[in-house]
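Notes to accompany the following structure.
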Amino acid sequence: MSTLEDEGKRPTDITSRPLMTVKVIAAPPQKLGAVPYGVRTFVPVAGGDFEGPRLRGKVLPGGGDWLLLRSDGVLELDLRITLETDDHALIYMTFQGLRHGPPDVISAFSRGEVVDPARYYFRTVPKFETSAEAYAFLNRIVTVGVGETRPDGAVHRIDEIL
Amino acid sequence: MMLQVVVSPPQKLGAGPLGTRVIAPITSGTFEGPRLRGKILGGGDWTLSRSDAVLELDLRITLETDDGALISMTSFGLRHGPPEVLAALARGESVDPSTYYFRTAPRFETSAPKYEFLNRLVAIASGNRLPTGPIYTINEIL
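From first to last, the protein sequence lines are chains A and B. For the first sequence, counting from 1, position 45 maps to 45 in the working numbering; every step adds exactly one. For the second sequence, counting from 1, position 30 maps to 192 in the working numbering; every step adds exactly one.
Next comes the structure, spelled out in structure tokens:
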């Protein structure tokens, strides 16, 4: 990195702060099987809730996560859900992410067991859309989520990148 | 790693249904980090200026490492700031990157075993728009 820094183009620091924790409750998965890109499973979202310093509310039923198990054993996540804040604003949330870990962890997931999240990698990049003035800041931030797989769904701790 | 992008004159497509589209062809550049270094072969950034004054970035480039591996990199990002800062950037001036928000989420694809770790990570970048093109500081999310 020294060459670029020598030219006076110092790197910009990346810091973050907590945005919210989103708990997603999953409905039974729809297993679509082997498609050209990998093994596709659709997990409908039945509900859930979210809470953070600046927003809280519930996850509306109707969204889902279009999972793709790639040939390299990495699970790609592609979630679309709608959040409703406690003051009735609607927020459209999407994310793409990756989950992978040792074979024994992955098979524990399929048995519905809880695994220490430090034992696997589950990271996402959530994006938001809203027309509500009070939450318009969500339209303008890049965020990162740390995910935990639970027997009934998943929990995502989301940080705003400052 | 740090990634320095050199852009060619932008192609200004004007106002479309989603916002004002400007395509910035990327002709060259370099990248360097503890685990990989090399040059940019080419690509572009399909930027979209939204109605809320946020610039959405949609970058697609090919990297070539110094040992000959090809890596496809895409990134989604957002850039916004005070009007006077954005105006200075538009005039091609160098602006302190701490005065505006310029963050992206790069993703990578490669078939080279040595760089397969890139297929499995989530990354976040902070950008600094220089007159010749942006320079990104890219961090792996652990």
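Note that CB positions come from ideal geometry on N, CA and C, so glycine has one too. Since the structure is predicted, the reported quantities are computational estimates derived from the model, not experimental observations.
Interface flag for residue 222 of chain B against chain A is unset, since no Cβ pair is found closer than 9 Å. Annotation: residue 17 of chain A has no Cβ neighbours in chain B at a cutoff of 7 Å; minimum Cβ distance is about 13 Å. Judged by DSSP in its simplified three-state form, residue 159 of chain A adopts strand. When only Cα atoms are considered, residue 48 of chain A and residue 82 of chain A end up about 10 Å apart.
Annotation: residue 17 of chain A to residue 53 of chain A spans about 10 Å, alpha carbon to alpha carbon. For chain B, the residues of the stretch 120-133 of chain A that bring a beta carbon within less than 9 Å of one of its beta carbons are 121, 123, 124, 125, 127, in chain order. Interface annotation, residue 270 of chain B: not in contact with chain A, CB-CB separation never under 9 Å. For residue 227 of chain B, same chain residues with a beta-carbon under 6 Å away, outside a window of 5 residues either side, are 198, 200 in chain order. Residue 106 of chain A and residue 98 of chain A have their C-alpha atoms roughly 13 Å apart. The beta-carbon separation of residue 272 of chain B and residue 287 of chain B, rounded to 18 Å, does not stay under the 8 Å limit for a contact. Taking a Cβ-Cβ threshold of 8 Å, the residues of chain A close to residue 240 of chain B are 140, 141, 142, in chain order. Counting the other Cβ atoms within 10 Å of the Cβ of residue 245 of chain B gives fewer than 16, which makes it exposed. Between the stretch 241-259 of chain B and the stretch 107-115 of chain A, the count of Cβ pairs shorter than 8 Å is below three; the stretches do not touch.
Near chain B, meaning a CB-to-CB distance below 9 Å, the residues of the stretch 97-122 of chain A are 97, 98, 100, 121. Nearest Cα to residue 168 of chain B within the set B:183, B:202, B:185: B:202. Across the stretch 248-274 of chain B, CB contacts with chain A closer than 9 Å involve 259, 260, 263, 264, 265, 266, 267, 269, in sequence order along the chain.
Residue 273 of chain B sits in coil when the DSSP states are folded into three classes, being neither helix nor strand. For residue 190 of chain B, the enclosing beta strand (DSSP E) stretches over residues 181-194. The beta carbon of residue 60 of chain A sits closer than 6 Å to those of 82, 84, all from its chain and outside the five residues before and after it, given in chain order. Those residues of the stretch 25-47 of chain A placed with their C-beta closer than 8 Å to a C-beta in chain B do not exist. Residues of the same chain with a CB within less than 6 Å of the CB of residue 149 of chain A, apart from the 5 flanking positions on each side, are 109 in chain order. Interface annotation, residue 74 of chain A: in contact with chain B, CB-CB separation under 9 Å. Cβ neighbours of residue 250 of chain B within its own chain (closer than 8 Å, five residues either side excluded): 257.
Counting of Cβ neighbours within 10 angstroms places residue 129 of chain A among the exposed residues, the total staying below 16. Against chain B, the CB of residue 89 of chain A has no partner CB under 9 Å away; the residue lies outside that interface. Taking C-beta atoms as the reference points, residue 234 of chain B and residue 267 of chain B fail to come closer than 9 Å.
A straight-line Cα-Cα distance of about 10 Å links residue 27 of chain A and residue 62 of chain A. Around the beta carbon of residue 104 of chain A, fewer than 16 other beta carbons lie within 10 angstroms, which makes this residue exposed. Following the DSSP letters along the chain, one finds residue 245 of chain B inside the alpha helix (DSSP H) bounded by residues 245-252. In this structure, B:292 is the residue among B:191, B:292, B:217, B:219 with its C-alpha nearest to the C-alpha of residue 253 of chain B. Residue contact with chain B for residue 13 of chain A: present (Cβ-Cβ distance below 9 Å to some residue of chain B).
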